[in-house]
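Mapped onto this note's numbering, the consecutive letters of the sequence shown carry residue numbers 1 to 297. All C-beta atoms, glycine included, are put in the ideal place defined by N, C-alpha and C. Quick caveat: nothing in here was measured; it's all calculated off a predicted structure.
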Amino acid sequence: MARQGLIEFDAVLAIARRGSFRAAAQELGLSTTALSNVIGKLERQLGVRLFNRTTRSVSLTDAGRNFVDQVGPAVRTLHDAMGAARSQQETPSGTLRINAFATGAREVLGPLLLKYLRRYPRVHIDLVTEGRILDIVAEGFDLGLRSADLVPSDMIAIPVSPPRSFAVVASPEYFKANGKPRVPPDLLRHACLRIRLPNGVLHRWQFEKNGQPVHIDVQGPITLDEASLSRITVLDHVGIGYFMESDVREDIEAGRLVRVLEDWTPPLAPLCLYYPSKRNHSAAFKALIDMAHGHAG
Numbered sequence: 001m002a003r004q005g006l007i008e009f010d011a012v013l014a015i016a017r018r019g020s021f022r023a024a025a026q027e028l029g030l031s032t033t034a035l036s037n038v039i040g041k042l043e044r045q046l047g048v049r050l051f052n053r054t055t056r057s058v059s060l061t062d063a064g065r066n067f068v069d070q071v072g073p074a075v076r077t078l079h080d081a082m083g084a085a086r087s088q089q090e091t092p093s094g095t096l097r098i099n100a101f102a103t104g105a106r107e108v109l110g111p112l113l114l115k116y117l118r119r120y121p122r123v124h125i126d127l128v129t130e131g132r133i134l135d136i137v138a139e140g141f142d143l144g145l146r147s148a149d150l151v152p153s154d155m156i157a158i159p160v161s162p163p164r165s166f167a168v169v170a171s172p173e174y175f176k177a178n179g180k181p182r183v184p185p186d187l188l189r190h191a192c193l194r195i196r197l198p199n200g201v202l203h204r205w206q207f208e209k210n211g212q213p214v215h216i217d218v219q220g221p222i223t224l225d226e227a228s229l230s231r232i233t234v235l236d237h238v239g240i241g242y243f244m245e246s247d248v249r250e251d252i253e254a255g256r257l258v259r260v261l262e263d264w265t266p267p268l269a270p271l272c273l274y275y276p277s278k279r280n281h282s283a284a285f286k287a288l289i290d291m292a293h294g295h296a297g
């Protein structure tokens with residue numbers, strides 16, 4: 001929900017940051033109409049327009065740009081002060097915004113986040129998954145979730161996952177009909193599920209053995225950009241897929257999928273929950289951090 005007391009300023013900063021009334025309204029927990037009314041009221045009080053608005057775009061006016069430059073630091077300071085006051089509460093409550101990538105979110109949702117919500121029912125978690133890596137502070141998130149090697153150096157990071165790796169799998173029926181690849185280049189003779197990354201680039205399957213990396217541009221009948229769709233496809237015997245091992249672990253254990261080239265997929269960096277090293281975190285935030293440390297242990 002929108003943060004009380006500074007809503008007009010938060011609204012301006014959110015629209016400037018997002019470049020969209022709709023995206024800013026979602027971030028603040030408001031309807032687009034309510035957000036537009038807040039901005040209209042503030043513009044009438046100031047006597048200037050802060051935004052140029054058309055049906056297709058939103059941009060800051062010169063007055064709006066100056067306003068954002070001047071009030072942004074002050075609003076952050078005020079929120080820090082309000083956070084310091086709220087941090088004194090004994091019962092965790094309020095909203096925690098977490099940015100993650102989809103695979104990582106699936107790995108920690110049940111064992112960490114849902115467990116946390118059961119323990120602290122007055123807390124609401126706003127979990128946003130996306131492929132791009134962003135500045136969690138600038139985008140208004142409390143925490144981020146990424147691989148340890150992608151966490152910015154100025155952030156505090158807590159490992160929250162067991163050892164991780166990629167897994168190359170297909171159904172027993174597919175391997176019975178087509179044989180198994182024994183080394184990564186053998187994949188060029190198989191039907192493979194191609195992976196499109198969030199930036200639109202086709203992913204080259206990555207392998208490593210004895211310190212020697214190998215990248216394979218696989219070919220196959222279908223290109224997908226979401227792991228759940230790839231899982232459905234390999235279970236239907238269409239070809240070989242390349243997954244985070246956690247996404248297909250249960251299928252491997254149940255025999256629905258067979259893993260190959262395991263000695264070519266070494267351990268990866270652990271997942272980390274990370275956050276800026278500022279003080280005055282809320283009770284809800286501190287409770288999640290405490291649970292994350294226990295989870296990592």
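Asked: Straight-line gap, P221 to A177 (C-alpha atoms, nearest Å); Found: 17 Å
Asked: For N199 and V301, the rounded distance between their alpha carbons; Found: Only positions 1 to 297 of the chain appear in this structure, which leaves residue 301 out of reach.
Asked: E8 vs V38 beta-carbon contact at 8 Å; Found: yes
Asked: Separation of T55 from R3, as counted between CA atoms; Found: The predicted position of R3 is uncertain, since its pLDDT is 49 and thus under 50; a value taken from the coordinates is nonetheless stated next. Cα to Cα, R3 sits roughly 27 Å from T55.
Asked: Option in E250, A63, D186, H215 with minimal Cα separation from L50; Found: A63
Asked: Where S302 falls, given that 16 or more other Cβ within 10 Å makes a residue buried; Found: Since the displayed the chain opens at 1 and closes at 297, residue 302 lies outside it and no answer follows.
Asked: Per-residue DSSP class, three states only, for R164; Found: strand
Asked: C-beta atoms of A148 and A269 nearer than 8 Å; Found: yes
Asked: Test item: CB-CB of Y274 and G110 under 8 Å; Found: no
Asked: Any beta strand (DSSP E) of 3 or more consecutive residues that is wholly inside the region 236-278; Found: 241-244, 258-260, 271-276
Asked: Rounded C-alpha distance that separates V137 from E27; Found: 13 Å
Asked: For V58, the nearest candidate out of I15, G29, T233 (CA to CA); Found: I15
Asked: Stretch-stretch touch, CB-based, cutoff 8 Å, three pairs: the region 182-200 with the region 219-235; Found: yes
Asked: Counted within 10 angstroms of its Cβ, other Cβ atoms place H188 as buried (16 or more) or exposed; Found: Checking the sequence, you will find Leu at residue 188 rather than His. Flag for L188 reads exposed.
Asked: Selected residue, minimal CA-CA separation from H215, among L229, Y242, H237, I232; Found: Y242
Asked: Those runs of the beta strand (DSSP E) which lie wholly inside the region 92-166 and span at least 3 residues; Found: 94-100, 123-129, 143-147, 155-159
Asked: Integer Cβ distance of V169 from R259, believed to fall under 8 Å; Found: 5 Å
Asked: Pairwise C-alpha distance: A105 and A24; Found: 23 Å
Asked: Contact under 8 Å by Cβ, H281 with L112; Found: no
Asked: CB of R164 within 8 Å of CB of S246, strictly; Found: yes
Asked: Beta-carbon spacing of L257, S153 below 8 Å; Found: no
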